[in-house]
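Structure, as structure tokens:
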Amino acid sequence: MHYYAVIVAGGSGNRMNNSIPKQFLLLAGRPVIMHAIEVFYNCPQKPEIIVVLGQELHKHWLDLCKEYKFVIPHILANSGLHRFDSVKSGLAKINRDGIVAVHDAARPLISPSVVKTSYEVALEKGNCVVGIPPVDSVRTTNPDGLTSALNRGQLKLVQTPQTFWVNELKKAYEVEFKVQFTDDASVMEHYGLNINIIEGNRENIKITYPEDLDIASVLFNKKRP
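Spelled out as structure tokens, the structure:
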């Protein structure tokens with residue numbers, strides 16, 4: 001069986017209020033993206049790794065790899081306008097069927113055991129998406145400002161990795177982009193698949209705002225032996 005990991009690092013990080021793309025910000029002395037890649041490299045399935053970056057960032061990334069002596073083998077792909085386009089670009093680098101996990105580069109604290117289980121469940125059931133139950137109450141709002149409560153017991157906060165058979169995911173991504181395609185699961189659901197969800201780890205936060213990096217630093221140090 002062939003395994004792959006597409007690490008999506010096309011975000012600009014505007015909400016971080018920082019000129020440095022969020023995937024290159026330092027966590028425990030190394031760029032965030034390197035932590036994410038390392039988890040997949042060390043998992044038992046030994047996936048082939050594809051890193052999706054803006055073409056203008058390729059040289060900077062290679063310079064960072066030299067600076068931090070980061071030698072994990074990987075293939076580079078160009079990111080697109082939307083995450084949808086970036087994932088599609090990463091998938092184009094895969095030439096044979098197998099199981100592929102798509103993961104946000106800005107999630108450096110994904111649990112190795114969750115990655116391993118994601119591949120196993122996708123192999124057995126066809127796909128696997130990681131999610132955690134919300135702890136806050138959740139409400140919907142409409143354009144008139146009216147709100148209504150949702151049953152949080154029926155909700156999941158979806159994370160990555162999201163793992164599928166390569167050829168099925170490629171076929172699903174042949175459609176035109178829609179704004180409701182916020183992740184790979186939504187694309188696959190549109191394609192007609194039912195999605196399997198497993199429990200993720202709460203530490204697997206997506207670094208989006210400045211305070212997220214501080215939180216990630218605390219969580220990273222906590223898991224150190």
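The numbers in my numbering rise by one with no breaks, and the one at position 75 of the sequence shown is 75.
For glycine and all other residues, C-beta sits at the position ideal for the given N, C-alpha and C.
Count the other C-beta atoms from every protein chain shown that fall within 10 angstroms of the C-beta of residue i, then say buried if there are 16 or more, exposed otherwise.
i, result
"arginine 83", "buried"
"asparagine 127", "buried"
"alanine 226", "No answer is possible for residue 226: it lies beyond the span of the chain, which begins at 1 and ends at 225."
"lysine 222", "exposed"
"valine 32", "buried"
"serine 118", "buried"
"glycine 145", "exposed"
"leucine 57", "buried"
"valine 187", "buried"
"leucine 150", "exposed"
"leucine 109", "buried"
In terms of alpha-carbon separation, which member of the options lies closest to residue i?
i, options, result
"leucine 183", "Ile215, Val135, His103", "Inspection of the sequence shows that residue 183 is occupied by aspartate rather than by leucine. Taking only the C-alpha atoms, the option nearest aspartate 183 is His103."
"tyrosine 173", "Pro134, Val87, Ile207, Leu64", "Val87"
"tyrosine 68", "Met34, Ile197, Asn167, Lys222", "Met34"
"leucine 219", "Ser79, Phe177, Ser111", "Ser111"
"valine 135", "Tyr119, Gly153, Val129, Lys125", "Gly153"
"aspartate 212", "Ala9, Lys22, Phe70", "Lys22"
"methionine 1", "Asp214, Arg96, Val175", "Arg96"
"lysine 93", "His60, Asn167, Ile207, Phe177", "Asn167"
"phenylalanine 177", "Asp85, Leu26, Gly10, Leu150", "Asp85"
"lysine 156", "Val175, Ala185, Ile207", "Ala185"
"valine 158", "Val175, Lys206, Val179", "Lys206"
Please look up how many angstroms separate the CB atoms of residue i and residue j, rounded, as I've assumed it's under 8 Å.
i, j, result
"alanine 5", "phenylalanine 40", "4 Å"
"asparagine 204", "arginine 107", "5 Å"
"leucine 64", "phenylalanine 24", "7 Å"
"glutamate 38", "isoleucine 72", "7 Å"
"serine 79", "glycine 54", "5 Å"
Suppose contacts are defined by Cβ-Cβ distances below 8 Å. Is residue i in contact with residue j by that definition?
i, j, result
"glutamate 189", "isoleucine 132", "no"
"lysine 170", "leucine 81", "no"
"isoleucine 49", "isoleucine 7", "yes"
"proline 47", "alanine 122", "no"
"glycine 98", "tyrosine 3", "yes"
"alanine 28", "serine 217", "yes"
"proline 44", "lysine 125", "no"
"valine 130", "asparagine 196", "no"
"histidine 74", "valine 51", "yes"
"valine 114", "asparagine 201", "yes"
Exercise. Would you say the region 134-151 touches the region 161-179, given that touching needs at least three Cβ pairs under 8 Å?
Worked result: no
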